[in-house]
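Protein chains in written order, with my numbering: chain D, -7 to 567; chain U, 2 to 238.
We treat Cβ as the ideally placed atom computed from N, Cα and C, and that holds for glycine.
The structure displayed is predicted, hence computed values, not measured ones.
The block underneath contains the structure these notes are about, expressed in structure tokens.
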Ligand SMILES: Nc1ncnc2c1ncn2[C@@H]1O[C@H](COP(=O)(O)OP(=O)(O)O)[C@@H](O)[C@H]1O
Ligand SMILES: [Mg+2]
């Protein structure tokens, strides 16, 4: 077979990336992102996305060239990158030219004049030649990045990623730092602008990360060795210091961050709770459950019914008493789901559990059960947790007064959610190392063999469903008190899908993976308001990329890591 | 006095009559082999003994105790362990974890440690690879692991389903040597094989199974010289 010419391959890459870029334009991402800056007055997020596309075109073409020629030939690589970037730019330029003549908006709603302005850097259609030029330069840089020696490439990549990260969250950092008083506030204004990083800030972050990274690659080994050489007591106290530091930051965070970030963290913690729950049923025991939101709903409704002073509140018991009851009720419903589906395996299990989730949601929101669950009106007036005693229980429709500290704000719920997540993560970890945990994994691997070795399948599977449900129920219970009201419409199938996705992205069966997955899939989109509009598009893209590039997840469990022979590499990076 | 007693057992898969009234008796300390071609019902026999399948008729008893009234997961507590067909190792768990699962029915930590040592002496290869994930072991090592795992339960009877399947001749020799060693320490063995020559060379007695029925039962020596067996299972004319 004749090998493809590398130039032709670069042209193809450029065209394909160009089409992808047009797609990104047409879904409206570029325009929405243009309202945010990466570097203030210099480059917007929208332009950045397009630049990244051109850069990637160059990188991909360069890598492809190396594999076609079976070695790096700098000149060919650079030419390929340049050509690919050029063609990506040409495709986009074509879009601008065509768009100026024909009204594309009739079909593509997002093909606005603003989009064209963004593409031509506000210089008008006459200056459209700028696009392929920028494309060629970006492609060239992309190609060059492949040729960099490892020692340079890693710090530069890390610095770029860090700068982008800081740019994304510059608003948050700015607010947090400004709240700290005048010195911090000055620093904040120096580093972060209104809509993105300042040029100074960008340079400081970029160079700073490069310096640290270089230092680490020269001295990192020594530091590691130094730590391992420490006497046992020394290492222990080092660890204690690190934990204490983490605890200190975690305790102080909601005070400095304000309600918005606190609420985002609570949401992440709630998804961590659900994720840890599903990680038991799916990750450990291998039982797929697509109706997991049902247990969240059951936990939330139980707390609602037991504490609400709205029309449907049955009781006014304190939140702290309602929570364990909610967990038990969720657990019982886990058994109720588990019993009928015990004998079902694989695909059928997915459908059956999917049905369960939908049934719970429909029942909770139905007119039929409205006298009990409020139907579409939901349950409102859910009590806030109270540290102290509650006033006497006089009338059902009057809130009981909290004699003590009422934990009403998201910053207060933060502590409940985070502490719960930490405790449950610990419980999940102990469970995994337990006899029961081993039995779950044996079932996941081979049911028949597990049974022959003495594992009681019915009992073990039921426990997986019940404990998974209990964790999710706890999440739901906290959710109810955070929002103060619950509606069946917030218990959509998409929540279950989110939980499954975060487990996959984090790494199936891995407890830190659940946390990383929840931060990546739930936390980041919440923080980046611009992005949330395209959440599902990015979700889909992330999942596909993950499956192709890192199927074991962001933070895989030990076993998966061992299986994929990453042990040494991973340990080296993490330690 | 036989220790395992299978009598007139009929097992079905839905309408398929897989075992048509088979009877097998095994004495304490014996190696008994069950030979037969593909689909004869060998695996079905072992799954019936270990409780994974319930026969419609007949009885299975161990030391005079009726086994049919126990659930599959309770059988191992009675002293029966199985090395399943195709090895059935837990691919994503480590070697040690697999062995620990084998001792699931034994709760004492000390016993677990002792059994683990015993398995490691029997299969030094497993000791070398104890942290490795089981799915990445070679076929022979996986067979050792499946055998070791079954031994972790300290069985009185070990059921083995075609341990030679898919292994190179050298490894088959090694596995069969170990089977003999295990037997010498007092474990009774029911060995299911298609490789009749190897099986008969280490067994004391044997049964020939054909489409769900026992057609011949004799000492291993006599079976080797039996013309029908020679023709059908030993490839001699
Ligand atoms: N799960 C099953 N469902 C239906 N029939 C089965 C099943 N397993 C085995 N059989 C049938 O039972 C018979 C005996 O099978 P098996 O015990 O696996 O044979 P062997 O182990 O001797 O090769 C075969 O005819 C096979 O087709
Ligand atoms: Mg078989």
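So with Cβ pairs under 8 angstroms, would you call residue i a contact of chain U?
{"i": "residue 560 of chain D", "result": "With a pLDDT of only 38 at residue 560 of chain D, under the threshold of 50, the placement of this residue in the model should not be trusted; the figure read from the coordinates follows. No, its Cβ sits nowhere closer than 8 angstroms to a Cβ of chain U."}
{"i": "residue 441 of chain D", "result": "yes"}
{"i": "residue 456 of chain D", "result": "no"}
{"i": "residue 434 of chain D", "result": "yes"}
{"i": "residue 564 of chain D", "result": "Bear in mind that the predicted position of residue 564 of chain D carries a pLDDT of just 35, short of 50, making it too unreliable to give a figure here."}
Residue i versus chain U: which residues are under 7 angstroms apart at the beta carbon?
{"i": "residue 448 of chain D", "result": "74"}
{"i": "residue 85 of chain D", "result": "Chain U residues near residue 85 of chain D: none, gap ~51 angstroms exceeds 7 angstroms."}
In whole angstroms, give me the CA-to-CA distance for residue i and residue j.
{"i": "residue 316 of chain D", "j": "residue 466 of chain D", "result": "8 angstroms"}
{"i": "residue 514 of chain D", "j": "residue 485 of chain D", "result": "15 angstroms"}
{"i": "residue 309 of chain D", "j": "residue 420 of chain D", "result": "29 angstroms"}
{"i": "residue 82 of chain U", "j": "residue 51 of chain U", "result": "8 angstroms"}
{"i": "residue 120 of chain U", "j": "residue 91 of chain U", "result": "17 angstroms"}
{"i": "residue 63 of chain D", "j": "residue 431 of chain D", "result": "50 angstroms"}
{"i": "residue 77 of chain D", "j": "residue 51 of chain D", "result": "9 angstroms"}
{"i": "residue 531 of chain D", "j": "residue 25 of chain D", "result": "17 angstroms"}
{"i": "residue 111 of chain U", "j": "residue 104 of chain U", "result": "11 angstroms"}
{"i": "residue 373 of chain D", "j": "residue 491 of chain D", "result": "27 angstroms"}
{"i": "residue 212 of chain D", "j": "residue 544 of chain D", "result": "27 angstroms"}
{"i": "residue 559 of chain D", "j": "residue 512 of chain D", "result": "Interpretation of residue 559 of chain D is limited by its pLDDT of 40, a score under 50 that renders its predicted location unreliable; the figure taken from the coordinates is listed afterwards. Going by the C-alpha atoms only, they are around 23 angstroms apart."}
{"i": "residue 140 of chain D", "j": "residue 164 of chain D", "result": "34 angstroms"}
{"i": "residue 156 of chain U", "j": "residue 184 of chain U", "result": "11 angstroms"}
{"i": "residue 354 of chain D", "j": "residue 197 of chain D", "result": "50 angstroms"}
{"i": "residue 284 of chain D", "j": "residue 125 of chain D", "result": "51 angstroms"}
{"i": "residue 479 of chain D", "j": "residue 350 of chain D", "result": "14 angstroms"}
{"i": "residue 342 of chain D", "j": "residue 417 of chain D", "result": "25 angstroms"}
{"i": "residue 425 of chain D", "j": "residue 276 of chain D", "result": "11 angstroms"}
{"i": "residue 348 of chain D", "j": "residue 362 of chain D", "result": "19 angstroms"}
Which residues in chain D have a C-beta closer than 9 angstroms to the C-beta of residue i? List them in chain order.
{"i": "residue 78 of chain U", "result": "446"}
{"i": "residue 42 of chain U", "result": "Simply none; closest approach about 17 angstroms."}
Is the Cβ of residue i closer than 8 angstroms to any Cβ of chain D?
{"i": "residue 51 of chain U", "result": "yes"}
{"i": "residue 283 of chain U", "result": "Residue 283 of chain U lies beyond the stretch modelled for chain U, which goes from 2 to 238, so this question has no answer here."}
{"i": "residue 89 of chain U", "result": "yes"}
Mind listing the chain U neighbours of residue i? Cutoff is C-beta to C-beta under 9 angstroms, in chain order.
{"i": "residue 430 of chain D", "result": "94, 98, 101, 102 and 105"}
When we look at the beta-carbon of residue i and count the other beta-carbons within 10 Å, is it buried (16 or more) or exposed?
{"i": "residue 375 of chain D", "result": "buried"}
{"i": "residue 221 of chain D", "result": "exposed"}
{"i": "residue 365 of chain D", "result": "buried"}
{"i": "residue 453 of chain D", "result": "buried"}
{"i": "residue 145 of chain U", "result": "buried"}
{"i": "residue 121 of chain D", "result": "exposed"}
{"i": "residue 175 of chain D", "result": "exposed"}
{"i": "residue 225 of chain U", "result": "buried"}
{"i": "residue 155 of chain D", "result": "buried"}
{"i": "residue 483 of chain D", "result": "buried"}
{"i": "residue 142 of chain U", "result": "buried"}
{"i": "residue 187 of chain U", "result": "exposed"}
{"i": "residue 189 of chain U", "result": "buried"}
{"i": "residue 181 of chain U", "result": "exposed"}
{"i": "residue 403 of chain D", "result": "buried"}
{"i": "residue 234 of chain U", "result": "buried"}
{"i": "residue 281 of chain D", "result": "buried"}
{"i": "residue 110 of chain D", "result": "buried"}
Whose Cβ in chain D lies nearer than 8 angstroms to the Cβ of residue i?
{"i": "residue 145 of chain U", "result": "The premise fails here: residue 145 of chain U is roughly 16 angstroms from chain D at the closest Cβ pair, so nothing lies under 8 angstroms."}
Along chain D, in chain order, which residues have C-beta atoms closer than 7 angstroms to that of residue i?
{"i": "residue 156 of chain U", "result": "Result: empty, since nearest Cβ-Cβ is about 11 angstroms, beyond 7 angstroms."}
{"i": "residue 83 of chain U", "result": "444"}
For residue i, write down the residues that DSSP places opposite it in a beta bridge.
{"i": "residue 396 of chain D", "result": "D:380"}
{"i": "residue 66 of chain U", "result": "U:63"}
{"i": "residue 26 of chain U", "result": "U:6"}
{"i": "residue 193 of chain U", "result": "U:35 and U:162"}
{"i": "residue 84 of chain U", "result": "U:161"}
{"i": "residue 58 of chain U", "result": "U:11"}
{"i": "residue 184 of chain D", "result": "D:189"}
Can a CB atom of chain A be found closer than 8 angstroms to the CB of residue i?
{"i": "residue 200 of chain U", "result": "No chain A appears in this structure, whose protein chains are D and U."}
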